[in-house]
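Report on the following structure.
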Amino acid sequence: MNVTREIKRGDHVSRVRAKGSKEEIEIKDLETERRRDVVFSNLLLCRHHRSLADADGNEHYGIIVASRASSLLFDDEGILCEILSRLPVRSILRFKSVCKRWLSLIKHNAYFINLHFTRSQSRPNILFITPSQKKIDGGDGYWYQPNKTPRQCIFLADISSVLEGSSSSSFNSGEPKEAIIRNVRMTADDDWFVYDLVLKPVNGLVCFVDREAAAVRIYNVSTREETQWIKSTLIEEEKNRYAKEDGTIEINHWFPIYQFGFDPRTMQHKVFCFWRLSTTQSFLGRTCESQSYASWEALTVGHDTKWRRISVVASDDNKMNLDEVVPQLDMGSCRVYANGIIYWLMNSMNHGDIYDTEVIVAFDVGSEKYRVIPIPNFILDEPREKSFFSPIAMLELNGRVALTYRMSPFHLKLWILDDGADKKIENCHGNDRNWSAESVKLPFHCYPSFVNFHAVEGTDQIVFECYDDLQRNLKSVSLYSYDRNKKTLTKIKIDGISLFPLHYSRSVFTTFTESLFLLH
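Taking numbering that gives the first Met the number 0, the leading residue of the sequence shown gets 0, the next gets one more, and so forth.
Pasting the structure below:
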């Protein structure tokens, strides 16, 4: 049955026709949310001026303030920032149409955008993006090959209530805390795009990669703003260069390494692409000579319309030289962004056939220069399981980089580095005093192939994503929130998560903070 209803907005009346009860409920929900935002704004304004009413001693002053709330909201930009920065992005986007001044504030005011992002960290989420694909025979929900369909599932689950309750509960006491899926979006073929790799978000922005086309695209999950695909021409340029020099030389390449970061000084997001190329010279069908070399590219989001070549050199603070600083393809879990720096581990052959990490490369997003930070011997030589000499993960904990070592199946150790502005030179010299350790006891077996680690930005929480087998089927996933201060572990329950498929490279499952950061 068709339903017709009127929604009053100020002096205007909008007539909306909805088919069936589902649409009518959605209309009521949107109207309720809109009214909540207005009431919330006015309450904050009244609270802001309550002290003036008390000092004046006039009980009617509060009524006067409430009646003047609308004009104050327009006149005082400071109050406006205080109010809007406390709202979720979905609510703020509706306020863009109030007036040009509000639109400018929401879209272009750097102070407001940063303030909102800082406060959004108190409302952390789990972000899940995965393609919609057909299941293979067996029905286990695991995909072996990427199916380049533009159909995607994107959902956000609010875990703020889970983190608030984790300080008073432990793993052995209390029921699992439920995270609420508050936003689910199923894309269609005509409003999405294909890709084969997705990087972890930075400041609410996600970088999608089409490795076959050597192209990237940035997407703001909250505002749904996106860039166009920007394709690298490096391989084509290298082939043309060698073709002119010597027609017998061929260019080969491996899949490049993509990194995503942010420069706090210029407020710019950047994508970096690290290529490893090789030249092969053939004569009469035989390879005569083969040489490999690295090439680097950078892309400034909202500024560059094409990739630019960069020469990666050591910073003035650096004290250790390396022949090679390109991240390794198989070290994806040991790369992390924190406070304008992208960190990754460099390996060297030690202990027979076992790789042991000796140094950290710290790449500055702004200067596009690197430092080498040696890992102290007291960490490298620490007794631990023979198969786990190297860290199993790298995390960002409140702006600091942390190496995660497995000491035993149920025991992890975090070695946390303070790499602040006044300690960068010290760390390059190998200052041991800037490292601190934390032990984590787990009630489950921690095997790297079955467990992922996610730091919750702006908090002391770590989320563990655990699976029963290597197939990483979401039907068997278990989520836990660990409070580093209270040493408590809380199980997180997300109803309906098992309904979504998971793909190894095209899916992202991570902690997330929404933002208003612009892409243009």
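Cβ coordinates follow ideal geometry from the N, Cα and C atoms, glycine included.
DSSP places Cys-465 within a strand segment (E or B) once states are collapsed to three.
Where Glu-437 is concerned, the enclosing beta strand (DSSP E) starts and stops at 434 to 440. CA-CA distance, Ser-475 to Tyr-466, rounds to 6 Å.
By the neighbour-count definition (other C-beta atoms within 10 Å, threshold 16), His-444 is an exposed residue. In the DSSP annotation of this structure, the continuous segment of the alpha helix (DSSP H) that includes Val-88 starts and ends at 88 to 93. Counting the other CB atoms within 10 Å of its CB gives His-268 a total of 16 or more, which places it among the buried residues. Counting other Cβ atoms within 10 Å of its Cβ, Leu-102 stays below 16 and is therefore classed as exposed.
When DSSP reads this structure, Val-358 sits in a beta bridge with Met-345, Pro-373. Residue pairing by DSSP places Pro-130 opposite Gln-151 in a beta bridge.
In this structure, the CA atom of Ala-109 is about 43 Å from the CA atom of Asn-239.
When DSSP reads this structure, Glu-177 sits in a beta bridge with Lys-492. Judged by DSSP in its simplified three-state form, Ala-213 adopts coil rather than helix or strand.
Burial is judged here by how many other beta carbons sit within 10 angstroms of a residue's own beta carbon; Asn-124 has at least 16 and is buried. Within the DSSP secondary-structure output, Gly-260 pairs in a beta bridge with Lys-269. DSSP places Thr-117 inside the alpha helix (DSSP H), whose first and last residues are 109 to 119. Under the 8 Å Cβ criterion, the segment 447 to 462 counts as touching the segment 478 to 489, having at least three qualifying pairs.
Where Asn-251 is concerned, the enclosing beta strand (DSSP E) starts and stops at 248 to 252. Between His-410 and Lys-385, the C-beta gap is not smaller than 8 Å, which leaves the two residues out of contact.
Closest in C-alpha terms to Lys-318, from the list Glu-236, Arg-307, Lys-423, Arg-334, comes Lys-423.
Leaving aside the five residues that flank Tyr-218 on each side, the residues in its chain whose CB is nearer than 6 Å to its CB run, in chain order, Val-205, Glu-225. Taking the C-beta atoms as reference points, Thr-222 is found nearer than 8 Å to Leu-92. Linking Val-364 to Asp-380 through their CA atoms gives a straight-line distance of about 31 Å.
When rounded, the separation of the alpha-carbon atoms in Ala-293 and Val-335 is 21 Å. DSSP lists Cys-465 as the bridge partner or partners of Ser-477. Checking the DSSP bridge columns, you'll see His-453 partnered with Val-462.
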